[in-house]
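Residue numbers (this note's numbering): 223 to 387.
Following: one structure in structure tokens, then a few remarks.
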Ligand SMILES: [Zn+2]
């Protein structure tokens, strides 16, 4: 490897944040789908930031294609990533003490094969998403329930739904 040259650095944005540690209200498990993250995306009224503002939460995002899909996967190919995700959740609980683990999925998710993956049948899609939320709630409550409560949410083009069992 070549010797590292002196780095050229310029500040491209200025702001003033007090860099002290703080705990968050929620750790959210979210899909990486850019529609939920970008101001110019198709559904700017349904972004993650609007959601947490409406909840009044500070938060940390834990992102994965499909949101919670990985956490309930029984596919042996997912085992390593799934274990890593559990470690990331554990770390977040240790570091930032969220009181809530927000488990999320969204409709028309690439991780689930988009709406096509359910033959454009909202009933089939809902059955899978509700089922995965139910499984994720049970798995995470078993692992972390003594330290944080779970809340379940579904995002779509019209907003966010809370699901409870
Ligand atoms: Zn997605």
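All C-beta atoms in this analysis are idealised placements derived from N, C-alpha and C, irrespective of residue type, glycine included.
Under a criterion of Cβ closer than 6 Å to any non-hydrogen atom of ligand 1, which residues qualify, in chain order?
That gives 253, 255, 288, 328, 331, 332, 333.
Among the candidates 319, 302, 349, whose CA atom is the shortest distance from the CA of residue 369?
Looking at the Cα atoms, 319 is the closest of the given residues.
Closest to residue 335 by C-alpha separation, out of 291, 285, 284, would be which residue?
The residue with the shortest Cα to Cα distance from residue 335 is 291.
Going by alpha carbons, who is nearest to residue 322 out of 235, 274, 233, 243?
Comparing Cα positions, the closest option is 274.
In its own chain, which residues sit with a C-beta less than 6 Å from the C-beta of residue 337, not counting the 5 before and 5 after it?
330, listed in sequence order.
Given 8 Å as the limit, is there contact between the stretch 296-304 and the stretch 358-368, that is, 3 or more CB pairs closer than that?
These segments do not touch.
Below 8 Å CB to CB, which residues in the same chain sit around residue 295 once its five sequence neighbours on both sides are set aside?
Around residue 295: 304.
Here's the rule: buried if 16 or more other CB atoms are within 10 angstroms of the residue's CB, otherwise exposed. What is residue 232?
It is exposed - the Cβ of residue 232 has fewer than 16 other Cβ atoms within 10 Å.
Hey, is the stretch 277-291 in contact with the stretch 242-252, meaning 3+ C-beta pairs nearer than 8 Å?
Cβ pair count under 8 Å is three or more, so yes.
Below 7 Å between beta carbons: does that hold for residue 289 and residue 252?
Cβ distance < 7 Å, so residue 289 and residue 252 count as in contact.
For residue 244, which of helix, strand or coil comes out of DSSP?
Here residue 244 sits in coil by DSSP.
Residue 372 and residue 383: beta carbons closer than 7 Å?
Not a contact, by the Cβ cut-off of 7 Å.
Keeping to the same chain, check which residues put their C-beta closer than 8 Å to that of residue 259; ignore five residues upstream and five downstream.
So the list reads 269, 270, once near-sequence residues are dropped.
If you scan the stretch 319-362 from start to end, which runs of the beta strand (DSSP E) of 3 or more residues do you find wholly inside it?
Within the stretch 319-362, the complete beta strand (DSSP E) runs of at least 3 residues are 322-328.
What whole-angstrom Cβ distance do residue 326 and residue 387 have, given they're in contact under 8 Å?
15 Å between Cβ atoms; not a contact.
Can you name, in chain order, every residue of its own chain whose Cβ lies under 7 Å from the Cβ of residue 223, other than the five neighbours on each side?
Cβ neighbours of residue 223 beyond the five flanking positions: none.
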